[in-house]
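Letter 442 of the sequence shown, counting from 1, is numbered 445 in my numbering, and no numbers are missing.
Note that beta-carbon positions come from the ideal geometry of N, C-alpha and C, so glycine has one too.
Predicted model, so just to flag it, every value in this text is computed and none were measured.
The structure appears right after this line, and notes come after that.
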Amino acid sequence: MSWAAAMCWKWARAAAERQHALLATLPSQVAARVQWLDAPPAEPWQGALLANEVLDALPVECFEWQPDAPLARGVVLDATGELQWQTQPAPPALRAEILRLHGNLPWHAGYASELCTRVGPWIAEMTRSLASGVALFIDYGLPRHEYYHAERSAGTLRCHYRQRAHDDPFAHPGMEDITAWVDFTRVAEAADAASLDVLGFATQAALLLGLGIEEEIMSAQDETTRIRRGQRSAAAADAARDGRALQGHRAGAQLQRAARGLRPPGPEAFAVKLSILDLAHVPVGSDVSQALRSTLDLARHVDGLGYTRYWLAEHHNMPGIASAATAVVIGQVAAVTQRIRVGAGGIMLPNHSPLVIAEQFGTLEALFPGRIDLGLGRAPGTDGLTWRALRRDPRAAEHFPDDVQELQQLLGPVQPGQRVRAVPGAGSNVPLWILGSSLFGAQLAAHLGLPYAFASHFAPASLHSAMRVYKERFQPSAQLQQPWAMAGCNVICAPTDEEARHLFTSLQRVVIGLVTGSPGRLAPPEPIDPLPPHVQQAVDGFLGCSFVGSPATVRAGLEAFISECGADELIVASAIFDPAARRRSYELLASAVSLDS
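So, in structure tokens, the structure goes:
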């Protein structure tokens with residue numbers, strides 16, 4: 004059978020009969036391409052396996068965490084004949100699974116969730132006879148570190164009755180759809196065990212954005228684009244018939260690139276400004292005081308090397324980052340430097356009132372005139388529990404565009420009749436930047452005529468689309484007449500490629516901790532053992548815009564990156580454990596790209 008033929012497994016007789024009836028209404032050439040199967044093919048086959056909302060229908064085992072003995076949650080009848088939960092000590096196999104999941108997660112007593120041990124056998128059975136091809140699993144779910152987050156203390160079990168969702172599985176016995184979300188880390192582990200090559204997993208939003216859905220939607224208003232899109236669809240259909248679609252279709256190539264972190268080289272010369280993003284890491288064995296002193300030492304050191312800006316970021320409740328009070332640290336950095344611009348990369352505006360930010364940065368501008376930047380993001384910059392401790396309005400991010408414009412007004416000249424003023428701040432015209440990692444920020448920056456900074460140092464998937472949309476849609480403003488786009492990247496520069504790769508392992512370990520749900524501090528560099536393919540893929544995706552090596556190696560990588568993305572400026576993060584090696588990295592980078600000191 005050709006891999007392009009649709010293959011359907013018959014899970015429910017009634018559903019199959021309805022689908023048969025529907026197919027009978029379709030043109031014969033379409034219906035002829037569907038073959039019904041009651042079980043996976045016995046003979047080897049090549050093709051595509053698509054499982055849409057199948058995994059969340061597999062049975063799960065519910066559990067409750069108790070530190071002394073994990074409990075299994077079962078269902079019994081009470082004295083009145085009603086269904087109710089009952090707990091008992093978890094059987095040995097379930098107990099072992101629960102303990103494996105728990106690891107070092109801070110579950111509290113009574114934490115409840117579920118797990119699905121049937122994913123592995125199901126994937127093995129479905130793919131046993133798959134000689135070559137691709138399997139795509141689409142479902143509600145999360146990676147393990149998010150699925151079993153301590154704040155998700157009631158699991159993901161959900162019920163649907165007459166198109167309404169609720170969380171009581173006993174409300175309508177036998178009449179409702181009961182499902183649980185999917186632990187996609189378990190799916191990846193099962194695929195590894197089945198000898199499949201795991202390309203990775205992503206949220207539906209990330210996948211669709213990576214494939215360019217926003218561009219497609221926006222361009223749909225243009226008739227020429229619609230015609231071209233139709234031509235592409237026809238070409239893709241032709242390719243599917245002769246087996247070329249996976250290799251030739253634009254979306255397939257983008258998905259493969261996103262999954263594997265590939266970057267095609269570029270030929271143009273390096274010719275952009277270079278700036279620094281300092282996350283104020285608190286390394287292992289250090290403390291916040293030492294980390295902040297290291298930040299000030301680095302700022303003094305690079306002040307005369309030719310870098311344009313020195314930015315700090317807002318992060319909360321992160322033991323490994325010391326820049327939570329971002330405006331305070333910016334003031335200290337500005338005080339120990341003379342020429343370099345200093346700013347926020349960025350302030351998470353939904354965490355604050357525009358007036359407070361206008362006053363803070365108006366004060367900084369008054370103290371250090373002409374040297375302050377204000378980058379604005381709409382993410383919380385922290386986890387959900389801390390997000391609530393910040394007294395953040397749950398819908399604050401929805402008001403981000405309005406808050407940016409309010410901030411512009413507060414930093415601009417006082418208008419007749421304006422009763423609320425930022426003092427200091429009014430009339431300071433501190434330059435604003437929009438920060439982002441998707442097309443939302445690109446469109447907002449373009450609409451407001453503001454410079455745009457893309458967070459490709461940790462989320463590079465939509466970089467090229469965002470840059471293109473920003474520059475195509477830019478509208479001149481009083482602050483900026485031409486578009487100005489900045490891209491983030493990680494740079495580790497050392498005298499040799501080998502030494503740089505060794506230093507890079509510190510950042511790699513931080514990212515491994517993030518993607519596996521065990522975040523930690525920047526640690527000394529040391530070799531990294533081979534990772535499971537899905538973890539390696541996630542790490543590679545996170546660090547896809549990283550340039551590690553000797554000065555010549557780094558320069559060549561940056562030249563290609565600039566040519567590829569079209570940035571006007573790069574902002575460089577260098578997470579290096581040893582402060583002296585970090586200072587040397589910035590020295591070597593400045594020399595490699597011939598910055599004007």
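- Within the DSSP secondary-structure output, Ala-347 pairs in a beta bridge with Leu-315, Leu-377.
- Annotated three-state conformation of Val-79 is strand, per DSSP.
- Only exposed fits Ala-338, as fewer than 16 other CB atoms lie within 10 angstroms of its CB.
- Within the same chain, Cβ atoms closer than 7 Å to the Cβ of Ala-503 are found at Ile-495, Cys-496, Ala-497, Val-551, Gly-552, Ser-553, the five residues on either side in sequence being excluded.
- With respect to Leu-280, Leu-598 sits apart: the two C-beta atoms are not nearer than 9 Å.
- Just so you know, the alpha carbons of Gln-341 and Arg-585 end up roughly 21 Å apart.
- In this structure Trp-436 does not touch Pro-463 by the C-beta definition: roughly 19 Å separates them, more than the 8 Å allowed.
- Within the model, the alpha-carbon separation for Leu-573 versus Glu-64 is close to 49 Å.
- Between His-460 and Glu-368, the alpha-carbon positions lie close to 28 Å from each other.
- Beta-bridge pairing by DSSP links Gln-49 to Ser-135.
- Boundaries of the alpha helix (DSSP H) around Asp-406: 403 to 414.
- Look at Asp-306 here: in three-state DSSP terms it is coil, with no helix or strand label.
- Here the alpha carbons of Arg-374 and Asp-171 stand approximately 57 Å from one another.
- A direct Cα-Cα distance of roughly 41 Å separates Ala-153 from Gly-428.
- Annotated three-state conformation of Met-129 is helix, per DSSP.
- Ser-198 is the residue among Ser-198, Pro-62, Arg-155, Phe-173 whose C-alpha sits nearest the C-alpha of Met-129.
- In the DSSP assignment, Pro-124 is bridged to no other residue.
- The alpha carbon of Gln-485 has as its nearest neighbour, out of Leu-506, Thr-499, Ser-509, His-450, the alpha carbon of His-450.
- Excluding sequence positions up to five before and after Ala-595, its CB lies within less than 8 Å of the CB of Cys-496, Pro-554, Ala-555, Val-557, Arg-558, all in the same chain and listed in chain order.
- According to DSSP, Asp-200 shares a beta bridge with no other residue.
- Considered as a whole, the region 413 to 487 harbours 435 to 439, 455 to 457 as its complete beta strand (DSSP E) runs of no fewer than 3 residues, in chain order.
- Fewer than three Cβ pairs drawn from the region 503 to 513 and the region 167 to 183 lie within less than 8 Å of each other, which leaves the two stretches out of contact.
- Within its own chain, the residues whose Cβ lies closer than 8 Å to the Cβ of Val-291, once the five positions on either side in sequence are excluded, are Val-285, Ala-325, listed in chain order.
- For Ser-553, no beta strand (DSSP E) run applies, since DSSP gives it neither H nor E.
- If you ignore the 5 residues before and after Ser-132, its C-beta comes within less than 8 Å of the C-beta of Pro-43, Pro-44, Ala-45, Glu-46, Pro-47, Trp-48, all in its own chain and listed in chain order.
- Looking at the DSSP output, Phe-140 sits in a beta bridge with Ala-54.
- With a beta-carbon spacing of about 12 Å, Asp-376 and Ala-330 fall beyond the 8 Å limit used to define contacts.
- In chain order, Ala-283, Ala-325, Val-332, Gln-335 place their CB closer than 8 Å to the CB of Leu-295, counting only its own chain and leaving out the 5 sequence neighbours on each side.
- Counting along the chain, Ser-588 sits inside the alpha helix (DSSP H) bounded by residues 582 to 595.
- The continuous stretches of beta strand (DSSP E) do not include Ile-101, which lies in the alpha helix (DSSP H) extending over residues 95 to 105.
- When Pro-536, Ala-382, Ala-328 are compared, the shortest CA-CA separation from Pro-353 is found for Ala-382.
- For Phe-66, there is no enclosing alpha helix (DSSP H); the enclosing beta strand (DSSP E) covers residues 64 to 67.
- The alpha-carbon separation between His-467 and Cys-568 amounts to approximately 6 Å.
- When C-beta atoms of the region 400 to 414 are compared with those of the region 310 to 324, fewer than three pairs fall below 8 Å, so the two segments do not count as touching.
- Around the beta carbon of Asn-493, a 10 Å sphere encloses 16 or more other beta carbons of the protein chains shown; the residue is thus reported as buried.
- A residue is called buried when at least 16 other Cβ atoms come within 10 angstroms of its Cβ; His-355 meets this threshold and is buried.
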